[in-house]
Each structure stands twice: as structure tokens, then as C-alpha cells.
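Enquirer:
Protein chains: 2
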Amino acid sequence: MDKERFLGQASFAKGLEDVIVCESKIGYVDGAKGWLVYRGYEIADLVKCSTFEETAYLTIFGKLPRGAELEEFTSKLSSYRSLPEPVHRIIRELPQDGNAMASLRTAFSALGSYDNTGDRFDHSAWTEIGIKQVAQMGTAVGAIARHRKGLSPLVPDSSLCYTANLLYMISGRKPDDRMTKVMDAAMILHIDHEMNASTFASMAVASSLADMYSAITAGLASLKGPLHGGANETVLRMLLEIGVADRADAYLDDMFARKKKISGFGHRVYKTYDPRAVILKKFADEVSATNGTRHLYEIAQKVEERVVKQYGGKGIFPNVDFFSGIIYYSYGIDPGLFTPLFAASRVVGWVARILEYLKDNRLFRPRALYTGDLVASYTPLSERV
Amino acid sequence: MDKERFLGQASFAKGLEDVIVCESKIGYVDGAKGWLVYRGYEIADLVKCSTFEETAYLTIFGKLPRGAELEEFTSKLSSYRSLPEPVHRIIRELPQDGNAMASLRTAFSALGSYDNTGDRFDHSAWTEIGIKQVAQMGTAVGAIARHRKGLSPLVPDSSLCYTANLLYMISGRKPDDRMTKVMDAAMILHIDHEMNASTFASMAVASSLADMYSAITAGLASLKGPLHGGANETVLRMLLEIGVADRADAYLDDMFARKKKISGFGHRVYKTYDPRAVILKKFADEVSATNGTRHLYEIAQKVEERVVKQYGGKGIFPNVDFFSGIIYYSYGIDPGLFTPLFAASRVVGWVARILEYLKDNRLFRPRALYTGDLVASYTPLSERV
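Sequence lines, in order, name chains A and B. Residue numbers for the first sequence follow the working numbering, beginning at 1 and rising by one. Residue numbers for the second sequence follow the working numbering, beginning at 1001 and rising by one.
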């Protein structure tokens, strides 16, 4: 069959690999150099010098905030933290032992029913909703984390920064300064990553001008997948399964023999070390040293060494998901919450990129190359064989 | 700034216009000829000879079902109709006067928490879930319709076909044969439309292997938008606002003068009459003649004539959303439920295209063209001006 007959084009990039879908000034990934910037700032600098709030402001508004701007933004993030009571009741209706990302998707979708200011498109109203959504994501993750243990949600603590409050709402314990700093760094590193699958899905939904809740719900729906945000949990479960560093070789021999993909390695864009993995590895080293999880870090080192030796030549290196789980697990966070933690950060990137795209919106409506029958003749039910 | 510096490509198609994202054998739109086929069958033939169930089977499985196949499929669609009780409770938590598509999005997302068989990808399990989702969509729309009136949901009637049961669950009245036939035709016409925005969004989400509920939730999220499924409701509200045919000219003069888009006209792919509009117009003519809604049909005719005269030369003609609302409204259906009705049909296309794409999945992960700063130097908070 002549494929070109229908659309005058026979070749296309599967999964839109390397296909440009928009312009952006938000963030840039150089996959060959292993380089990631938000608004021109290298992530290493942001991790060293900025907080999650500052970096979120930078990502959404395009510049580092001045003192008064940061204060206003932080105060908004804090004041928007509460969820409507019916949304808490909806969370409680969901199964305690269910997938936390499925719960988060439902909670966020439900939030949209309590804020119809966004049912008509208005850029400044949608910007305000976006800030609110960042604040609410932390609270929703906290409420779901508590529900998983059969506990009532905690009231957000407005004296705590976004990351510390998030950790408090999950565990009921206020983190010390070092834990706040390390987790804040991890949160900064997950804010944005160019046209990743969940960001793209959320932009695709936003482009029908549905509303910000619809768009963020789609981002959560995508992030749940094991080929995307779900990978950080899978990595940790793999490390737990291996159990001790001595068993890593046997585990990998088997995986290599069965040509199985090792979670936490490889990336569509990076063909070298993911710069986020480089930073997270240092934190994983530090945190695992004092939290009884040294064995997991040692297994990870072993796995990294073997996989890079085997596949590094093909551009397969650890990605952001490989070391983050060790940090979270060392701090006592339930692996089922790793992807929700990712969401509590990435929501900033979703919001920023949706708002940027909507400044000059065009509905995402591509084509498919039709390769089926063109003229089938109808057979009545009784004559079908 | 040299745009080509980063990605070696400076031009791209906004909104992915005419960009091919996959191959498909499911359906084909010829926008120049005004031609739509599902699996090679012209929609006019399917409307004339097939039911919604037969067409859904055809769309998902690629061939018209034999008697036993249709019986099994219909029986599954019927047996899967009920929703878990907590999902009914969640629907009741949502505001009665809220956006029905927002409610449907939440209800569907919640359904995912009660069926974790799809948390791991398995093509045949996901196919079964897809059939279940088609069945459940009708019930969810029905439950939401009843909740909007403060009523309890009805128990699905297994003696009724998909369309008749859907109408029964919405209104509490069993439709007569002619109403069933007309509405079934409308449902058939909405099943699939190639790489439309909601189908693409649902495929994008499915490609991370999240799960079928995540993917369908994203489809609903996208369909809600006024640039997509939301348009059928907007058209009807415009006709009601115009009120009588004599006022159509003044209304349009004003819209043309303000260069406002008229809902229900124009399509990314069709540059001539949308073949679905041609069929729906005939039904709208028939149904409005006996239901006290003739004035709406007359207004629509007037609007069509003026808009086509003004913009037909630019390829602007009535699309699927222009006449469907008159039919639904004539049958007493609340305009707030028009887009959910669309969803109760389009879910078939979402399921079919997701399942087809997942046979050879590749994560949708495109690129953005970075046009921002490349090397910003960090200024501490106290020094920012």
C-alpha cells in the first residue's frame, strides 16, 4: 500500500523523538554535554544558592525574585495550602492501599470542581491558579500519605517552607535543617525537564483551553507511568530486592541475559551522565551514611558501575531516578510516595510551561498516517463469516 | 539569538499541525474531500446499517463482528456497566452545579483506584479494561446527570442497548425506537476522529504505561476544553442567545465586526463540509420539527448560510459540533451534558487508538526549541534589583 497516498509524508518520528513542538525560554537540556539550565541558570548553582520557592518563582516568572517578590510568592504558596473539605472526604473514599499517584490524580481532578474561576481562559487568572496548584499539590500528597496509614491529614504549618511542610505533612515530624536542605535540593532538581512526557501531556490538554486542573491532572496521569515518574520507585524496589552489594552481579547478569531494561538508566535526551544524577549521588552518599541504608548506596554504586561498563558506550548512564529513591528511603519515606514527591516538584514545570504556551496557544492536533483499508464494503450482520 | 544553535532545527509546526505522530489502521479523515472512514467503512454506511455496539467493536477490533462476537461484546458492555459504590459517593461529593466534564474526569480517575489490574502493562488485560471503560463511561455520565438534579443514580437496564441505557440513566425515561436510532447515529458519528486533541492526549499519557484509567482521564480532561469537545455546548448556547432567526444577522454582524470565532465552524483538517455535520443536519431537521425547537434549527440554518457565505472560501464550514446540540436539546437533554455525551462515544476511539499504539509503544517525549538565556550568572537575593 502506498503510504504517501494519504498525507504526502511517509516517515515520522516515533514518540516524537527530537521533534520540536514549541519554543520555550524556561529550561534547556543539552543531552550531549549533560547540562541542564532553568532560565539560563545551571541547576548546580540553583541547588547551592536557591530555595525551592525561589527556583519555582524563577521557573514560572522568568527571573530570580527580589526580596519583596519572593515574600509575596512565598506567602501565596503558604496561604493557598489548604484543600476544600470535600476533597479530603474524596481522598478518604479512595482505597488506603491503592496507588498513591492514582489517588493524587483523583484528588487534583476533584480540586478543579471547587475552583471554576478557570473554566474560561484568562492568562492572569490561570497564573494565579497555577500558584495555588503548586501549594495544593504538597497538601494533597500529605493528605494521601496520611490516609495510607489510616491517619487524618495534618494542618499545613505556615511557618515551614514548601519542602519542610511537605515532609511534615507526610510524616508528622518537622525535618531538621540538613534534611530540609537536602530534600529541597532534590525538589529543585525535579522542577522542570524540558518537554518531558508529563509536561507535554499537560500542555496538550491545556491547549484545548479546558482549565488548569484538567491540564495538571493529565500531568499526574502521565507521571504515574513506569516509563516516566514511576521509575524512581522501581529503582528503590530493585535495590531492596538485590539486598546486598554482593548479589548485584548475579542480578544484573540475569537482567542482561534477558535483555531487560534496568530502571533509572538511560534517557531520551541525555547520552551522558544526567547532571541531576551527579548531584543526587552526592546527597545519597551523605544521607545513606547515617541512616542505616548504606547497603542500598553500595548496591547502587555496584549497579551503576556494571551498567555503565556494559552500556555506557551506547549512551546509557544513571538518570534522575537512580539516586533519588535512596535519599527518600533513607529519610524514612514510603517508596509508594516517591512519584508523588516528584509530582510535588514537577507541578512547577507543568504550570510554567502551560502558562508560557498559552501566551500564543495553538491546539495540539497532529495527524496519523493511515495505513488501513480505504474502501471496505459493508456486509450485513447475517452474512458475516 | 541563533535558534539553530541548540537543536539544529529552527522551524516547527505549531500545535503539531499536519505532523504525523503514528501509523494507524483505525480511521481516516480526508479533509479536502470531506470524507471520514472507520476501518475503511464510510460513516454514512455505518450510521445507516450498524449500531453503536457494532461500530465500537469494529473500531477497537478492526472488523465487523460476527453474530457470536457481537453478542459477547454486547454482553460484556452490559455486564461492566456498574460502578463501585465509593465512586458513586465521590460523585455525590462533587458540587451539583459544577462542570459535568470536571465531575466525569474525577469519577473516571477514581475508577482507576478500584481496578489495579492495569497498573502493570499487559495488552490483553488493558483491552478488557478498555471495554469496561466504555461501559462505565455511560454509567458515570448517567450518575452525574442525576446528581445535577439532586437525584440518586439509576440502576443500568441490561435490556437496553448502550445508547438507550445512557439516555435512560440520564433522564429516567426509556427512549422510543426513533430516538434511540437518531441518538445511536449521533453516538456512532462521535466514536473516532483520527488524531484529535483528546485522543492524542490520551495516547500521550498511555505511552508512559501509566494505566488505561490515567489515559482516559486525560482524554476527558482535554475534551472538556472549548477548543475541542466543549464546542457543542457553546453552539447551543449561542443559538439560544440569538433566540429567533431574525436576530441572527445582527448577532453575526457584531461577531464578524469583532472578528470573533463562531463556535461549530471550521476544523483543523476539514476544508469543506464535515461529513458528520451533513448527517447530523438531517437529523436536526427531523427532530426539531416535532419537539418545539424548530426556531433553533432555523437560526442554525441562517447562521450556517451567513458564515459559509462569509468564510466558506477560506474553508470554514459547519463541523460536528454545529448540529449535534440541536438534536440533544430537542430531546430534552441539559446542554451541560452535551460534552459528556460526546465522551460516552469518543471513549471508544480513545481505547482503540491507545491499544493500537501500545502494540509498539514509544513514549511521547518531544523537544522544545530553547530561545532563552543560556548563561545567566547567579545574583544573591540581597543584591537583586
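Note that CB positions come from ideal geometry on N, CA and C, so glycine has one too.
1. Using a Cβ-Cβ cutoff of 7 Å, what residues of the region 345 to 359 of chain A are near chain B? List them in chain order.
2. Between which two residues does the beta strand (DSSP E) harbouring Leu369 of chain A extend?
3. Name, please, each residue of chain B whose Cβ falls closer than 7 Å to the Cβ of Val375 of chain A.
4. Straight-line CA distance for Lys3 of chain A to Tyr370 of chain A?
5. Please determine, among B:Ser1024, B:Val1037, B:Tyr1273 and B:Tyr1357, the residue with the shortest C-alpha to C-alpha distance to Lys1314 of chain B.
6. Counting only Cβ pairs nearer than 9 Å, list the residues of chain B close to Pro335 of chain A.
7. Can you tell me whether DSSP reads Ile316 of chain A as helix, strand or coil?
8. DSSP beta-bridge partners for His193 of chain A?
9. Using only the alpha-carbon positions, how far apart do Tyr1331 of chain B and Val1182 of chain B sit?
10. Going by the DSSP bridge assignment, what does Leu1036 of chain B pair with across the sheet?
11. Please look up how many angstroms separate the CB atoms of Asp1119 of chain B and Asn165 of chain A, rounded, as I've assumed it's under 8 Å.
12. Tell me which same chain residues have a C-beta within less than 6 Å of the C-beta of Phe338 of chain A, skipping the five on either side of it?
13. Is the beta carbon of Tyr1057 of chain B less than 8 Å from the beta carbon of Ala376 of chain A?
14. Starting from the N-terminal side, write out each stretch of the beta strand (DSSP E) that is 3 residues or longer and does not extend beyond the region 212 to 253 of chain A.
15. Is the region 1199 to 1217 of chain B in contact with the region 1288 to 1304 of chain B, if contact means three or more CB pairs nearer than 8 Å?
16. Quick one: which unbroken beta strand (DSSP E) runs of 3-plus residues sit fully inside the region 258 to 305 of chain A? Chain order, please.
17. For chain B, is any of its Cβ atoms less than 8 Å away from the one on Phe200 of chain A?
18. Identify which residue in B:Leu1167, B:Ile1188, B:His1190 and B:Gly1172 has its Cα closest to the Cα of Leu1179 of chain B.
19. With a threshold of 6 Å on Cβ separation, who are the neighbours of Phe322 of chain A within its own chain once the five nearest residues in sequence on each side are excluded?
20. Distance cutoff 8 Å, beta carbons only. Does Tyr28 of chain A sit that close to anything in chain B?
21. Give, in chain order, every residue of the region 73 to 94 of chain A whose Cβ lies closer than 7 Å to some Cβ of chain B.
22. Are any of the Cβ atoms in chain B nearer than 8 Å to that of Thr290 of chain A?
23. How many angstroms separate the CA atom of Tyr1378 of chain B from the CA atom of Phe52 of chain A?
24. For Phe12 of chain A, decide whether its Cβ has a neighbour in chain B, counting only Cβ atoms nearer than 8 Å.
25. Assuming Arg365 of chain A contacts Asn1319 of chain B under a Cβ cut-off of 8 Å, what Cβ separation, rounded to an integer in Å, is found between them?
26. DSSP three-state label for Arg5 of chain A, please.
27. Starting from the Cα of Asp1246 of chain B, find the closest Cα among B:Ala1210, B:Glu1298, B:Lys1259 and B:Leu1046 and give me that residue.
28. Using 8 Å as the limit for Cβ to Cβ distance, is Ala324 of chain A near chain B?
29. Quick one: list the residues of chain A neighbouring Met1195 of chain B, beta-carbon separation under 8 Å, in chain order.
30. Does the CB of Asn1165 of chain B have a neighbour CB from chain A at under 8 Å?
31. Between which two residues does the alpha helix (DSSP H) holding Cys1161 of chain B run?
32. Can you pull the chain A residues whose beta carbon is under 8 Å from the beta carbon of His1228 of chain B, in chain order?
33. For His1147 of chain B, which of B:Pro1095, B:Ala1032 and B:Ser1109 has the nearest alpha-carbon?
34. So Gly1027 of chain B packs on Asp1192 of chain B, CB below 8 Å; how close in whole Å?
35. Check the C-beta distance from Ser1288 of chain B over to Arg105 of chain A and give it rounded, since I have them as a contact under 8 Å.
36. Just to confirm, are Ala1110 of chain B and Thr1117 of chain B a CB contact at a threshold of 8 Å?
Expert: Reading from the atomic positions:
1. none
2. Here residue 369 of chain A refers to the residue found at position 369 of the first sequence. Per DSSP, Leu369 of chain A belongs to the beta strand (DSSP E) from Arg367 to Tyr370.
3. Here residue 375 of chain A refers to the residue found at position 375 of the first sequence. Under the 7 Å cutoff, chain B gives Gly1040.
4. Start at 1 with the first residue of the first sequence, and residue 3 of chain A comes out as number 3. Start at 1 with the first residue of the first sequence, and residue 370 of chain A comes out as number 370. For Lys3 of chain A, the predicted structure reports a pLDDT of 40, less than 50, and the residue's modelled location is therefore unreliable. A value from the coordinates is still provided. Taken atom to atom, the span from the alpha-carbon of Lys3 of chain A to that of Tyr370 of chain A is near 7 Å.
5. Walking along the second sequence from the start, residue 1314 of chain B turns up at place 314. Measuring from the Cα of Lys1314 of chain B, the nearest candidate turns out to be B:Tyr1273.
6. Counting from one through the first sequence, the residue named residue 335 of chain A turns up at place 335. Result: empty, since nearest Cβ-Cβ is about 14 Å, beyond 9 Å.
7. The residue labelled residue 316 of chain A in the question sits at position 316 within the first sequence. In this structure, Ile316 of chain A counts as coil in the three-state DSSP scheme.
8. The sequence position of residue 193 of chain A within the first sequence is 193, counting from 1. A:Met195.
9. Position 331 of the second sequence, counting from 1, holds the residue named residue 1331 of chain B. Position 182 of the second sequence, counting from 1, holds the residue named residue 1182 of chain B. Computed Cα separation, rounded: 10 Å.
10. As a working mapping, residue 1036 of chain B is identified with position 36 in the second sequence. According to DSSP, Leu1036 of chain B bridges with B:Val1029.
11. Here residue 1119 of chain B corresponds to residue number 119 of the second sequence, with the count starting at 1. Here residue 165 of chain A corresponds to residue number 165 of the first sequence, with the count starting at 1. Asp1119 of chain B to Asn165 of chain A, Cβ: 29 Å. No contact.
12. For the purposes of this step, residue 338 of chain A is taken as the residue at position 338 of the first sequence. The residues are Asn232, Glu233, Gly325 and Tyr328.
13. Position 57 of the second sequence holds residue 1057 of chain B. Position 376 of the first sequence holds residue 376 of chain A. No, Cβ-Cβ distance for Tyr1057 of chain B and Ala376 of chain A is not below 8 Å.
14. none
15. no
16. none
17. Stepping through the first sequence from its first residue, residue 200 of chain A is reached at position 200. Chain B, which has a Cβ nearer than 8 Å to the Cβ of Phe200 of chain A, makes this yes.
18. Translated into the one-based positions of the second sequence, residue 1179 of chain B becomes position 179. Reading off the sequence, residue 1179 of chain B comes out as Met, not Leu. Taking only the C-alpha atoms, the option nearest Met1179 of chain B is B:Leu1167.
19. The count along the first sequence starts at 1 and reaches residue 322 of chain A at position 322. Cβ within range, chain order: Val235, Gly264 and Ala277.
20. Within the first sequence, numbered from 1, the residue matching residue 28 of chain A stands at position 28. Yes - at least one Cβ of chain B is within 8 Å of the one on Tyr28 of chain A.
21. Pro86, Arg89, Ile90, Glu93 and Leu94
22. Position 290 of the first sequence holds residue 290 of chain A. Closer than 8 Å: no.
23. Position 378 of the second sequence holds residue 1378 of chain B. Position 52 of the first sequence holds residue 52 of chain A. Rounded to whole angstroms, Tyr1378 of chain B to Phe52 of chain A spans 15 Å at the Cα level.
24. To locate residue 12 of chain A, count along the first sequence from 1; it is residue 12. Closer than 8 Å: yes.
25. Sequence index remark: in the first sequence, residue 365 of chain A carries index 365 (1-based). Sequence index remark: in the second sequence, residue 1319 of chain B carries index 319 (1-based). About 13 Å; that fails the 8 Å criterion.
26. The residue labelled residue 5 of chain A in the question sits at position 5 within the first sequence. Confidence at Arg5 of chain A is low in this model, with a pLDDT of 45, below 50, so the placement of that residue should be treated as unreliable; the coordinate-derived value is given next. Three-state DSSP puts Arg5 of chain A in a helix.
27. Counting from 1 along the second sequence, the entry for residue 1246 of chain B is found at position 246. Closest by alpha carbon: B:Glu1298.
28. Here residue 324 of chain A refers to the residue found at position 324 when the first sequence is read from its first residue. Here residue 324 of chain A turns out to be Ser, not Ala, going by the sequence shown. Closer than 8 Å: no.
29. Here the question's residue 1195 of chain B lines up with position 195 in the second sequence. What Met1195 of chain B touches in chain A: Arg365, Pro366, Arg367 and Ala368.
30. As a first step, residue 1165 of chain B must be located in the second sequence, where it is residue number 165. Judged by the 8 Å Cβ criterion, Asn1165 of chain B is not in contact with chain A.
31. Here residue 1161 of chain B is taken as the residue at index 161 of the second sequence, counted from 1. Neither: Cys1161 of chain B is in no alpha helix (DSSP H) and is coded neither H nor E.
32. For this step, residue 1228 of chain B is matched to residue 228 along the second sequence. Those are Ser208, Ala210 and Leu363, listed as they occur along chain A.
33. Counting from one through the second sequence, the residue named residue 1147 of chain B turns up at place 147. Answer by Cα proximity: B:Pro1095.
34. Counted from its first residue, the second sequence places residue 1027 of chain B at position 27. Counted from its first residue, the second sequence places residue 1192 of chain B at position 192. About 5 Å; that satisfies the 8 Å criterion.
35. For the purposes of this step, residue 1288 of chain B is identified with residue 288 of the second sequence, where counting begins at 1. For the purposes of this step, residue 105 of chain A is identified with residue 105 of the first sequence, where counting begins at 1. About 40 Å; that fails the 8 Å criterion.
36. Sequence index remark: in the second sequence, residue 1110 of chain B carries index 110 (1-based). Sequence index remark: in the second sequence, residue 1117 of chain B carries index 117 (1-based). It is not a contact, given that the beta carbons lie outside the stated cut-off.
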